[in-house]
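With positions in the sequence shown counted from 1, the corresponding number in the numbering used here is that position plus 10.
Ideal Cβ placement from N, Cα and C applies to all residues, glycine included.
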Amino acid sequence: MAEHTRSSIVIEAAPAEVMEVIADFARYPEWTGEVKEAEVLSTDDRGRAEQVRLLLDAGAIRDEHTLAYDWAGPHEVRWSLVKSQMLRALDGVYSLRALDGGRRTEVTYQLTVDVKIPMLGMIKRKAEKVIIDRALDGLKKRVESGGRP
């Protein structure tokens with residue numbers, strides 16, 4: 011079984027406000043450092059993204075991949091890799107938990123990455139941790155600055 015990396019952060023906003031930013035893929039290039047393009051390829055009957063194409067540029071790593079999304083209620087979204095040039099797997103989840111009567115939100119991000127090139131597990135987990143921390147910090151700044159759709 012693949013190992014995963016997990017981290018959490020508290021955001022000063024209601025879970026619905028946080029999920030609005032998470033679900034607004036078109037604006038990812040505005041607040042995530044690595045995502046240069048994001049295109050929703052298909053949506054479900056509620057208008058939520060089912061498949062999204064992302065172009066990443068993280069310096070030495072440049073990759074285009076497609077992710078499939080599963081919206082598990084209003085406080086959780088999961089994704090898995092459909093296709094990629096460099097990745098064998100990219101599975102993740104954002105889980106939101108209301109705090110202080112819904113005025114704040116604990117966001118937990120879990121990620122499992124498997125690359126097509128050989129990589130030591132320790133290095134891979136460090137890369138996962140960097141991806142997660144940057145994503146959570148960017149999400150927190152975006153939501154708390156009022157950058158919702």
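Legend entry - Nearest to A23 (by Cα), restricted to the options T115, K151 and T122: The sequence position of residue 23 within the sequence shown is 13, counting from 1. Nearest C-alpha to A23: T115.
Legend entry - Straight-line gap, M11 to F35 (C-alpha atoms, nearest Å): Locating residue 11 in the sequence shown gives position 1, where the first residue counts as 1. Locating residue 35 in the sequence shown gives position 25, where the first residue counts as 1. Model confidence at M11 stands at a pLDDT of 39, short of 50, so the residue's coordinates are unreliable and nothing is read from them.
Legend entry - K150, DSSP secondary structure in three states: Indexing the sequence shown from 1 puts residue 150 at position 140. Looking at K150 - three-state DSSP - the assignment turns out to be helix.
Legend entry - N-terminal and C-terminal residue of the alpha helix (DSSP H) that A26 is part of: Numbered from 1 along the sequence shown, position 16 holds the residue referred to as residue 26. Taken as a continuous stretch (DSSP letters only), the alpha helix (DSSP H) holding A26 covers P25 to A33.
Legend entry - Contacting residues, own chain, Cβ-Cβ under 7 Å from L121 (five flanking each side not counted): On the sequence shown, residue 121 is found 111 positions in, with the first residue counted as 1. Contacts found: H14, T15, G102, E138, I141 and I142.
Inset, instruction - Give the secondary structure of E44 by DSSP, where H, G and I count as helix, E and B as strand, and everything else as coil. - result: What you label residue 44 is simply residue 34 of the sequence shown in a count that begins at 1. Under the three-state reduction of DSSP, E44 is assigned to coil, being neither helix nor strand.
Inset, instruction - Assuming V117 contacts L100 (C-beta within less than 8 Å), just tell me the rounded distance between them. - result: Residue 117 sits at position 107 when you count from the first residue of the sequence shown. Residue 100 sits at position 90 when you count from the first residue of the sequence shown. Wrong, their Cβ atoms sit about 19 Å apart, outside the cutoff.
Legend entry - Rounded C-alpha distance that separates V153 from V28: What you label residue 153 is simply residue 143 of the sequence shown in a count that begins at 1. What you label residue 28 is simply residue 18 of the sequence shown in a count that begins at 1. Each residue's alpha carbon lies about 6 Å from the other.
Inset, instruction - Look at the alpha carbon of I19 and the alpha carbon of R107, and state the distance between them as a whole number of angstroms. - result: As a first step, residue 19 must be located in the sequence shown, where it is residue number 9. As a first step, residue 107 must be located in the sequence shown, where it is residue number 97. Cα to Cα, the separation comes out at about 11 Å.
Legend entry - Check: I19 C-beta below 6 Å from any heavy atom of the ligand ATP: With respect to small molecules bound, the structure shown includes none, and the ligand ATP cannot be examined in it.
Legend entry - Presumed contact (8 Å Cβ cut-off) between L109 and V92, rounded CB distance: Taking the sequence shown and counting its residues from 1, one reaches residue 109 at position 99. Taking the sequence shown and counting its residues from 1, one reaches residue 92 at position 82. Their Cβ separation, rounded to whole angstroms, is 34 Å, which puts L109 and V92 out of contact at 8 Å.
Inset, instruction - Assign L66 to one of two classes, buried (16 or more other C-beta atoms within 10 Å of its C-beta) or exposed (fewer than that). - result: One-based indexing of the sequence shown puts residue 66 at position 56. So L66 ends up on the buried side.
Inset, instruction - Quick one: grab the DSSP three-state call for K126. - result: Position 116 of the sequence shown holds residue 126. Three-state DSSP puts K126 in coil, outside helix and strand.
Legend entry - beta strand (DSSP E) segment containing D55, residue limits: If you number the sequence shown from 1, residue 55 lands on position 45. Element bounds for D55: n/a, residue is neither H nor E.
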